[in-house]
Amino acid sequence: MNREETAPAPDAAAENQNQAAAGGRSNVPLAVIGLALGILVSVLDQTVVSIALPNIAGDLGGIDNISWVVTAYVLASTATGTLYGRLSDRFGRRGTFMFAMLVFTVASALCAVADTMGQLILYRTVQGVGAGALFAIPTIALSELVKPESRGRMQGAVGALFAIASLAGPLVGGALTDTAGWRWIFYINLPLGVLSMLLVAFALRLPRATGRPSIDFLGSALLVGAVVALLLTTEWGGRTYDWLSGTILSLAVGTVVLFVLFVFWERRAASPVVPMRLFSNPTVRLILPATAVLGALLYGSIVFLPTYLQSAFDISATVAGLGINPYMLTFVVASFLAGSRVSANGNARPFLIGGPIAIAAGFGLLSLLDADSSYGMVVVALLVMGVGVGFIMQLLVTVAQNAVQPADLAATSAAILSIRGLGMSLGVALFGNLLSRQLAADAQPGREVANAIPDVMVWGIPLALLLLALTVAVPGKTLGSKSAPATGPAAADADVPARS
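Going by the UniProt record's numbering, the sequence shown opens with residue 1, and the numbers climb by one from there.
Structural data, given as structure tokens:
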């Protein structure tokens, strides 16, 4: 593997595409495709399995543990995301990404041939360990391939891809399950993973950080433990165990203790996995909780909308996946619009404010639905939701990236993406718990479910208003991209030759 070196390059990003083949420079179009495939498969596998769970349980048994097919993946990918940012500082973006993609691809093959539910859950956990890098590292690397003032446009494209993968999950999962069988949900990752590794190996050339930063393994272990304990608390609480049971109370206490120990250690670590100085930055201090709330709102809606459509309109899994396309389409358009406008004028505030307002309105419209609502009413709600989430999803990443020093770019990006994953997991658990309280234990898709899901959606309104309060408080009117200095990796990575 070619070694990536640190070298100054004032501004050759514009020349990179013309010189890619000549001297070991990044071939930006191919590198972008390879990294985008990583984002695609990692996000797709968060939702693609959910709609096939009944078929999986029918083949493998273990219906009482079926939710862990989804939870194990999300737990592992969320818990490892921040660590990968630091690993890529030490070992390079390309090598770390390729290793993670190899783990993800091999685990996908194992998932496809699993014979028992226990095996599938184990392999999904390993798959999630690989997936932890497949969104975090591309988000960092893509920001390093372009100038700071162009990050808004690039992150808008990343946001659109995130939307496509998230919302297409139920559709792809339903189509594959109805035609080829649920195992092809995992087989499809194999050619995509191999193609991604080949493109990144050939096209991506980014310099490593100066020196060889140490890896904060103790801090990473404390963070992973805290995240796992928190997610288990929300996943099991009120479902598998009573909220006041010894198991849940122990997990809750363990979560607090581990987070306190994590903060204590990070303040003293030589190379912390999450530098505590990030929290002295007023922008990052607000963006992190805003990202968690947005993740909860996004997945709190996405995961349950296909079930509502199936219940209210008595349609198949495939058709239900198609039914949420308005959400995806407006998300893509809004994400590109926000990224382009912010890149052009540097003013993020209209989108930071408008996004949460639209999300609140969207949840309000969803809460008005019932078993007798027309699909036209559903479409209006999905369109409004798509605009709101599209405006703000990747803009939060861009605002934070441009608010920190170059040395903190990877740590900031990884922290934001990890906390978004945590928020998504908590959102699913929160909305799922609210839904289970309204339904009988043996409720089947039908009018009862179709009436209960909109009642749960009303709780998205106060969360959206909390998101609005956080984004309104973000200081300044611009991203600062017009005046941001050229940075080492951020400005020059595309132009540093990689030597054999």
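Where a beta carbon is used, it is the ideal one built from N, C-alpha and C, also for glycine. On a predicted model such as this, the values are computed, not experimentally measured, just so you know.
Does the distance from the C-beta atom of Ile-416 to that of Ile-248 stay below 8 Å?
-> What you label residue 416 is simply residue 416 of the sequence shown in a count that begins at 1. What you label residue 248 is simply residue 248 of the sequence shown in a count that begins at 1. Result no, Cβ atoms of Ile-416 and Ile-248 do not sit closer than 8 Å.
Neighbourhood of Leu-435 by C-beta distance below 8 Å, restricted to the same chain and skipping five residues each side | As a working mapping, residue 435 is identified with position 435 in the sequence shown. Taking Leu-435 as the centre and dropping the five residues before and after it, the same chain places the C-beta of Phe-304, Ala-452, Ile-453 and Val-456 closer than 8 Å to its C-beta, in chain order.
For Leu-134, the first and last residue of its enclosing alpha helix (DSSP H) | Position 134 of the sequence shown, counted from the first residue, corresponds to residue 134. Counting along the chain, the alpha helix (DSSP H) containing Leu-134 begins and ends at 117-144.
Can you name, in chain order, every residue of its own chain whose Cβ lies under 6 Å from the Cβ of Ala-320, other than the five neighbours on each side?
-> One-based indexing of the sequence shown puts residue 320 at position 320. Excluding residues within five positions, the ones whose Cβ falls inside 6 Å are Pro-306, Leu-309 and Gln-310.
Is DSSP giving Ala-20 helix, strand or coil here?
-> In the sequence shown, counting from the first residue as 1, residue 20 sits at position 20. Unreliable positioning characterises Ala-20 in this predicted model, as indicated by a pLDDT of 36, which lies under 50. The coordinate reading is nonetheless provided below. Three-state DSSP puts Ala-20 in coil, outside helix and strand.
Classify Gly-376 as buried or exposed, calling it buried when 16 or more other Cβ atoms lie within 10 Å of its own Cβ.
-> Position 376 of the sequence shown, counted from the start, is the residue given in the question as residue 376. The C-beta of Gly-376 has fewer than 16 other C-beta atoms within 10 Å across all chains shown, which makes the residue exposed.
Look up Asn-345 in the DSSP assignment and say whether it is helix, strand or coil.
-> Numbered from its first residue, the sequence shown carries residue 345 at position 345. Helix.
Whole angstroms is fine: what's the gap from Pro-272's alpha carbon to Val-49's?
-> As a position in the sequence shown, residue 272 is number 272, starting the count at 1. As a position in the sequence shown, residue 49 is number 49, starting the count at 1. Rounded to the nearest angstrom, the two C-alpha atoms are 35 Å apart.
Under 8 Å between the Cβ atoms of Val-389 and Pro-326?
-> Your numbering for residue 389 matches position 389 in the sequence shown. Your numbering for residue 326 matches position 326 in the sequence shown. Remark: C-beta atoms of Val-389 and Pro-326 do not approach each other more closely than 8 Å.
Would Val-138 be called buried (16 or more neighbouring beta carbons within 10 Å of its own) or exposed?
-> Looking up residue 138 in the sequence shown gives position 138. Sequence check: residue 138 is Pro here, not Val. By the 10 Å Cβ count, Pro-138 comes out buried.
Based on the DSSP output, what are the partners of Tyr-241 in its beta bridges?
-> Reading the sequence shown from its first residue, position 241 is the one you call residue 241. Answer is Gly-237.
Could you tell me which of Leu-329, Leu-352 and Ser-367 sits nearest to Ala-338, measuring between CA atoms?
-> Within the sequence shown, the letter at position 338 stands for residue 338. With distances taken between Cα atoms, Ala-338 lies closest to Leu-352.
State yes or no: is the C-beta of Leu-468 within less than 8 Å of the C-beta of Leu-297?
-> To locate residue 468, count along the sequence shown from 1; it is residue 468. To locate residue 297, count along the sequence shown from 1; it is residue 297. Contact annotation: Leu-468 and Leu-297 have beta-carbon atoms that are not nearer than 8 Å.
In whole angstroms, what is the alpha-carbon distance linking Ile-315 and Gly-460?
-> Position 315 of the sequence shown, counting from 1, holds the residue named residue 315. Position 460 of the sequence shown, counting from 1, holds the residue named residue 460. So the two alpha carbons sit approximately 26 Å from each other.
Buried or exposed: which applies to Ser-250, given that a residue is buried once 16 or more other Cβ atoms fall within 10 Å of its Cβ?
-> Numbered from its first residue, the sequence shown carries residue 250 at position 250. That one is exposed.
Leaving out five residues on either side along the sequence, give the residues of the same chain with a beta carbon under 8 Å from the beta carbon of Trp-236.
-> Taking the sequence shown and counting its residues from 1, the one referred to as residue 236 is at position 236. Around Trp-236: Thr-247, Ile-248 and Leu-251.
Ile-357 and Met-385: beta carbons closer than 8 Å?
-> Counting from one through the sequence shown, the residue named residue 357 turns up at place 357. Counting from one through the sequence shown, the residue named residue 385 turns up at place 385. The Cβ atoms of Ile-357 and Met-385 lie no closer than 8 Å to each other.
If you measure from the CB of Phe-262, is any heavy atom of the ligand ATP nearer than 7 Å?
-> The ligand ATP is absent from the structure shown, which contains no ligand whatsoever.
Skipping 5 residues on each side, what residues in its chain have a beta carbon closer than 7 Å to that of Leu-195?
-> Within the sequence shown, residue 195 is the residue found at index 195, counting from 1. Around Leu-195: Leu-37.
May I ask you to report which of helix, strand or coil DSSP gives Asp-216?
-> Position 216 of the sequence shown, counting from 1, holds the residue named residue 216. Asp-216 falls in the coil class under three-state DSSP.
Return yes when the Cβ of Leu-83 is within less than 8 Å of the Cβ of Ser-220, no when it is not.
-> The residue you call residue 220 lines up with position 220 of the sequence shown. The residue you call residue 83 lines up with position 83 of the sequence shown. A distance below 8 Å separates the beta carbons of Ser-220 and Leu-83.
Going straight from the alpha carbon of Gly-364 to that of Ile-140, what length do you get?
-> On the sequence shown, residue 364 is found 364 positions in, with the first residue counted as 1. On the sequence shown, residue 140 is found 140 positions in, with the first residue counted as 1. Here the alpha carbon of Gly-364 sits roughly 35 Å from the alpha carbon of Ile-140.
Is the region 173-190 touching the region 85-102, taking contact as three or more C-beta pairs under 8 Å?
-> Touching, no, given that fewer than three Cβ pairs across the two stretches are closer than 8 Å.
Contact check, Ser-280 vs Phe-186 under 8 Å by CB: the rounded distance?
-> Position 280 of the sequence shown holds residue 280. Position 186 of the sequence shown holds residue 186. Actually they do not touch by this definition, with Cβ atoms about 43 Å apart.
Got a sec? Which residues, its chain only, sit under 6 Å from Val-224 by beta carbon, not counting five neighbours each side?
-> In the sequence shown, the residue the question calls residue 224 occupies position 224. Cβ within range, chain order: Ala-79.
Straight-line gap, Ala-344 to Thr-255 (C-alpha atoms, nearest Å) = In the sequence shown, counting from the first residue as 1, residue 344 sits at position 344. In the sequence shown, counting from the first residue as 1, residue 255 sits at position 255. Taking C-alpha positions only, Ala-344 is separated from Thr-255 by approximately 43 Å.
Start and end of the alpha helix (DSSP H) containing Arg-437?
-> Here residue 437 is taken as the residue at index 437 of the sequence shown, counted from 1. Residue range 409-438 is occupied by the alpha helix (DSSP H) that includes Arg-437.
Indicate the three-state DSSP secondary structure (helix, strand or coil) for Val-404 in the structure shown.
-> Reading the sequence shown from its first residue, position 404 is the one you call residue 404. Correct three-state label for Val-404: coil.
May I ask you to report which of helix, strand or coil DSSP gives Pro-275?
-> Counting from one through the sequence shown, the residue named residue 275 turns up at place 275. Coil at Pro-275, not helix or strand.
What residue does the alpha helix (DSSP H) around Gly-254 start on, and which one ends it?
-> Here residue 254 refers to the residue found at position 254 when the sequence shown is read from its first residue. Counting along the chain, the unbroken alpha helix (DSSP H) around Gly-254 starts and ends at 246-266.
Kindly list the residues whose CB is nearer than 7 Å to the CB of Gln-401, restricted to its own chain and excluding five residues on each side of it in sequence; keep chain order.
-> In the sequence shown, counting from the first residue as 1, residue 401 sits at position 401. Closer than 7 Å at Cβ, skipping near neighbours: Ser-143, Arg-151, Leu-409, Thr-412 and Ser-413.
Would Thr-330 be called buried (16 or more neighbouring beta carbons within 10 Å of its own) or exposed?
-> For this step, residue 330 is matched to residue 330 along the sequence shown. Classification for Thr-330: buried.
Work out the CA separation of Ser-214 and Gly-295 for me, nearest whole Å.
-> By 1-based counting over the sequence shown, the position of residue 295 is 295. By 1-based counting over the sequence shown, the position of residue 214 is 214. Straight through space, the alpha carbons of Ser-214 and Gly-295 are spaced by roughly 31 Å.
Best match in Arg-277, Thr-116 and Leu-192 for proximity to Asp-59 [C-alpha to C-alpha] | Residue mapping note: residue 59 aligns to position 59 of the sequence shown, counting from 1. With distances taken between CA atoms, Asp-59 lies nearest to Thr-116 out of Arg-277, Thr-116 and Leu-192.
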